[in-house]
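A short write-up of the structure that comes next.
Number of protein chains: 2
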Amino acid sequence: MATMRDVAQLAGVSTATVSHVVNGTKKLSPETTEKVLMAIAEANYTPNTLAKSLRSGQTHTIGVLVEDIRGLPVAGIVSGINETLSKSGYRMILHDLHLLEKLYNQYEQIGSYRQRINNGVSLLQSSNVDGIIYVGMHDRHLDYLFDPMETPLVFAYSHGTQQDTYVTYSNQDSAADMTRYLLSKGHERIAVIAGHPHSYPTARRMHGIQMAMQQVGLVIPEEYIRYGNWEYESGIDQTRELLKLPVRPTALFAMNDLMAAGCMRVLNEAGLRIPEDMAVVGFDNREIASYLQPPLTTIQLPTTEIGTSAALHIMEKINNPSTPPVREIIHCSIIERLSV
Amino acid sequence: MATMRDVAQLAGVSTATVSHVVNGTKKLSPETTEKVLMAIAEANYTPNTLAKSLRSGQTHTIGVLVEDIRGLPVAGIVSGINETLSKSGYRMILHDLHLLEKLYNQYEQIGSYRQRINNGVSLLQSSNVDGIIYVGMHDRHLDYLFDPMETPLVFAYSHGTQQDTYVTYSNQDSAADMTRYLLSKGHERIAVIAGHPHSYPTARRMHGIQMAMQQVGLVIPEEYIRYGNWEYESGIDQTRELLKLPVRPTALFAMNDLMAAGCMRVLNEAGLRIPEDMAVVGFDNREIASYLQPPLTTIQLPTTEIGTSAALHIMEKINNPSTPPVREIIHCSIIERLSV
DNA sequence: ATAATACAGATAAACGTTTAACTCGCATCG
DNA sequence: CGATGCGAGTTAAACGTTTATCTGTATTAT
Numbered sequence: 020m021a022t023m024r025d026v027a028q029l030a031g032v033s034t035a036t037v038s039h040v041v042n043g044t045k046k047l048s049p050e051t052t053e054k055v056l057m058a059i060a061e062a063n064y065t066p067n068t069l070a071k072s073l074r075s076g077q078t079h080t081i082g083v084l085v086e087d088i089r090g091l092p093v094a095g096i097v098s099g100i101n102e103t104l105s106k107s108g109y110r111m112i113l114h115d116l117h118l119l120e121k122l123y124n125q126y127e128q129i130g131s132y133r134q135r136i137n138n139g140v141s142l143l144q145s146s147n148v149d150g151i152i153y154v155g156m157h158d159r160h161l162d163y164l165f166d167p168m169e170t171p172l173v174f175a176y177s178h179g180t181q182q183d184t185y186v187t188y189s190n191q192d193s194a195a196d197m198t199r200y201l202l203s204k205g206h207e208r209i210a211v212i213a214g215h216p217h218s219y220p221t222a223r224r225m226h227g228i229q230m231a232m233q234q235v236g237l238v239i240p241e242e243y244i245r246y247g248n249w250e251y252e253s254g255i256d257q258t259r260e261l262l263k264l265p266v267r268p269t270a271l272f273a274m275n276d277l278m279a280a281g282c283m284r285v286l287n288e289a290g291l292r293i294p295e296d297m298a299v300v301g302f303d304n305r306e307i308a309s310y311l312q313p314p315l316t317t318i319q320l321p322t323t324e325i326g327t328s329a330a331l332h333i334m335e336k337i338n339n340p341s342t343p344p345v346r347e348i349i350h351c352s353i354i355e356r357l358s359v
Numbered sequence: 020m021a022t023m024r025d026v027a028q029l030a031g032v033s034t035a036t037v038s039h040v041v042n043g044t045k046k047l048s049p050e051t052t053e054k055v056l057m058a059i060a061e062a063n064y065t066p067n068t069l070a071k072s073l074r075s076g077q078t079h080t081i082g083v084l085v086e087d088i089r090g091l092p093v094a095g096i097v098s099g100i101n102e103t104l105s106k107s108g109y110r111m112i113l114h115d116l117h118l119l120e121k122l123y124n125q126y127e128q129i130g131s132y133r134q135r136i137n138n139g140v141s142l143l144q145s146s147n148v149d150g151i152i153y154v155g156m157h158d159r160h161l162d163y164l165f166d167p168m169e170t171p172l173v174f175a176y177s178h179g180t181q182q183d184t185y186v187t188y189s190n191q192d193s194a195a196d197m198t199r200y201l202l203s204k205g206h207e208r209i210a211v212i213a214g215h216p217h218s219y220p221t222a223r224r225m226h227g228i229q230m231a232m233q234q235v236g237l238v239i240p241e242e243y244i245r246y247g248n249w250e251y252e253s254g255i256d257q258t259r260e261l262l263k264l265p266v267r268p269t270a271l272f273a274m275n276d277l278m279a280a281g282c283m284r285v286l287n288e289a290g291l292r293i294p295e296d297m298a299v300v301g302f303d304n305r306e307i308a309s310y311l312q313p314p315l316t317t318i319q320l321p322t323t324e325i326g327t328s329a330a331l332h333i334m335e336k337i338n339n340p341s342t343p344p345v346r347e348i349i350h351c352s353i354i355e356r357l358s359v
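Order-wise, the sequence lines are chains A and B.
Count along the first sequence from 1, then add 19; that gives the number in our numbering.
Count along the second sequence from 1, then add 19; that gives the number in our numbering.
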């Protein structure tokens, strides 16, 4: 590999001059510039990133800490991050925390959870990353962990701590939008199969739904609201309960596609037609949504956009450390299929 | 950040001594070692990776080039790679080629395809990675591209070129296994909904199926073999054709879960019960397989294992450059559900 | 004419390690 | 007793850049 010294020798100048030509850090005479460029081409010179970083203290590398790359929204976000970073000449060190096995619910293992995050952060810091993007939802302990960190940090997907930059999607507005969509299709008796009762997304989405109803002077009766646990089976169970009601809803808003799939199965078995007898909508636009019968109308999470935006924010923070924290909430779009 | 010089000063020794303590590269007196260790602890010293790499020429970093992280098997493989690498103190630079939009089929865009790969490789090489793992299936042009590369290279998922190390899964054996499984359940009239007719997996899986049949003295009649294109709709179309046959098969082997889902829909609509009237199996174990009615018996790709193994191979190659190429084919397992 | 300024480029010190070569004292040995 | 070898630690060069400071010449202002 040719070094700067080789080029300098070839062009008959000093390495300083070569450096200035390469980086455009100083005005040089056209002749010298030309000579150097020729020499660079001839030697097939490419600057050594390590030396550059060692000297300058910047690696042009972003550490991306993901809870689990196998989670679908995570992959989309990483994809967006990567695309945006590469366009600006940044690399990405990915570190997977392997948190898909839900140990974060089990108190005795929280230590191990923290441990994994700490290890991840150490790994990234030892890689001299210029900034870190944390991708995931389970950020409860992060404020504690990241506190003593001087590296710029952006949360993607999760909300981070209040004093940090994050970019996420809108739970409330999206749910409200979907509700309005159902209303616009003439549905007034809308039932909800919510997620886990004490979870943040459940609360926000519920709020959005109720707001949208209220705006048109309607209210969801208590017996139309059923809480599941995000899983397929709970969609089944809760829908069965709903069908027992004396006055049936005409539309069913499941807070994710998995539960919506459960709904549809029950409706099918009960001989109800979708959407004629009952409309169903979901949330997430997972792969399964396209293959349900009928294909499910649902909400698309803006994963790529979240990634893109997080990447832009981290670069901004790096180049301008005094940037105030940004809280960005990206809107979701409705994917219209045939279940309404 | 404390440097080696600080530690040396604190301990009253030279930096060389500190280096030797840190790396265990030379036998030193217990007293000196102790002094140095104390100083390291006191200064909270952690070695600078950049300086280390610059000097030693090793970065302990692997470049992972993926065709598209949003592809499901890809995420699993990356997950496996990452876990194994971190355990050995390696980092991972991930670069996504964003190839999910199927431009590789369009001849006029092959240039752009190559371009993207070249850019990716350049990015990784400029990051001074110690080795590269290529994750993807579309490796047709790679031998051409990687030829002038001196960096150790391992293919994961795809077959790479014949003279390179790769690790993939077994198409033929898995299909044979599944066929034997069907046979063991008493099915003799097995129909196949194959993938795209000229694709490699289709050919290998077909071969596996036919071998397994032959071994018990059976043969699949030509009209039981139908070619789709891996998509849901083609599962639907081909199953309709199969149902027109005078003698119906008792089992249906779709070469992926999407087509199997299509099959099941048609069978449902035709009023046939699964598995009583017809058994169905798929391939891939995508998310959808669990949520079909009944849940689909299918084949699990060993994604994590592929990743793990690829990571081990690349580290082996780095530490021992003369390692001969390894061709590893990992076996898939059958996920038994209720569709047989 | 002379001082001040601008310009183009060179010099050399850093950045934080690793490691070959060296020093120095001490035991070993024929 | 001089040569030899060894053990423990030091010295300093090297890895390939960046960049503050310096030099020397040309331009401009007074």
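Where a beta carbon is used, it is the ideal one built from N, C-alpha and C, also for glycine.
Among residues of its own chain, excluding the 5 on either side of residue i, which ones have a beta-carbon nearer than 6 angstroms to its beta-carbon?
i	result
Met274 (chain A)	Ala213, Gly214, Arg224 and Phe302
Pro314 (chain B)	Arg356 and Leu357
Ala330 (chain B)	Ile100, Thr103 and Leu104
What did DSSP end up calling residue i once you bin it into helix, strand or coil?
i	result
Met111 (chain B)	strand
Asp183 (chain A)	coil
Asn124 (chain B)	At Asn124 (chain B) the pLDDT is 49, less than 50, meaning the model places this residue with poor confidence and gives no usable figure here.
Thr80 (chain B)	strand
Glu347 (chain B)	strand
Arg245 (chain A)	strand
Out of the options, which one is the CA nearest neighbour of residue i?
i	options	result
Val238 (chain B)	B:Thr258, B:Ala222 and B:Leu202	B:Leu202
Ser48 (chain A)	A:Arg346, A:Glu295 and A:Val32	A:Val32
Met57 (chain B)	B:Pro66, B:Val26 and B:Asn67	B:Val26
Asn190 (chain A)	A:Cys282, A:His332 and A:Ser218	A:Ser218
Pro240 (chain A)	A:Trp249, A:Thr34, A:Leu264 and A:Thr221	A:Leu264
Glu252 (chain B)	A:Gln144, A:Leu311, A:Ile59 and A:Thr184	A:Leu311
Ile15 (chain B)	B:Leu277, B:Leu142, B:Lys45 and B:Thr342	The first residue shown for chain B is 20 and the last is 359, placing residue 15 (chain B) beyond what the model contains.
Report the rounded CA-to-CA distance for residue i versus residue j, giving the unit in angstroms.
i	j	result
Thr362 (chain B)	Gly108 (chain A)	This structure gives no information on residue 362 (chain B), because the portion of chain B shown stretches from 20 to 359.
Leu113 (chain B)	Ser146 (chain A)	14 angstroms
Arg74 (chain B)	Val41 (chain B)	15 angstroms
Met230 (chain B)	Ser105 (chain B)	41 angstroms
Ser193 (chain B)	Gly43 (chain A)	58 angstroms
Ile307 (chain A)	Leu320 (chain A)	15 angstroms
Gln181 (chain B)	Asp196 (chain B)	26 angstroms
His372 (chain A)	Glu347 (chain A)	Limits of chain A in this structure are 20 at one end and 359 at the other, which puts residue 372 (chain A) out of reach.
Asp115 (chain A)	Gly90 (chain B)	17 angstroms
Ile354 (chain B)	Ile325 (chain B)	18 angstroms
Ala298 (chain B)	Arg199 (chain A)	43 angstroms
Pro220 (chain A)	Ser38 (chain A)	52 angstroms
Ala30 (chain B)	Arg24 (chain B)	10 angstroms
Thr51 (chain B)	Val173 (chain B)	43 angstroms
So with Cβ pairs under 9 angstroms, would you call residue i a contact of chain A?
i	result
Arg89 (chain B)	yes
Gln319 (chain B)	no
Ala231 (chain B)	no
Thr327 (chain B)	no
Gln134 (chain B)	no
Leu113 (chain B)	yes
Pro343 (chain B)	no
Asn287 (chain B)	yes
Arg208 (chain B)	no
Ser145 (chain B)	yes
Arg259 (chain B)	no
Give me, in chain order, the residues of the same chain whose beta-carbon lies closer than 7 angstroms to that of residue i; leave out the 5 immediate sequence neighbours on both sides.
i	result
Arg284 (chain A)	Ile255
Thr323 (chain B)	Gly95, Ser98 and Gly99
Val345 (chain A)	Thr184 and His332
Got a sec: is the Cβ-Cβ distance from residue i to anything in chain B below 9 angstroms?
i	result
Asp256 (chain A)	no
Ser362 (chain A)	Look at the range of chain A in this structure, 20 to 359, and you will see that residue 362 (chain A) is not part of it.
Thr316 (chain A)	no
Thr184 (chain A)	no
Thr170 (chain A)	no
Give me, in chain order, the residues of the same chain whose beta-carbon lies closer than 8 angstroms to that of residue i; leave out the 5 immediate sequence neighbours on both sides.
i	result
Leu118 (chain B)	Glu86, Asp87, Tyr132, Arg135, Gly155 and His157
Arg210 (chain B)	Per the sequence shown, residue 210 (chain B) should be read as Ala rather than Arg. Hits under 8 angstroms: Ile239, Tyr243, Ile244, Arg245, Leu261, Pro268, Ala270, Leu271 and Phe272.
With respect to 8 angstroms, is the separation between the Cβ of residue i and the closest non-hydrogen atom of the ligand ATP below this value?
i	result
Val285 (chain A)	Among the ligands in the structure shown, none appear at all, so the ligand ATP cannot be discussed.
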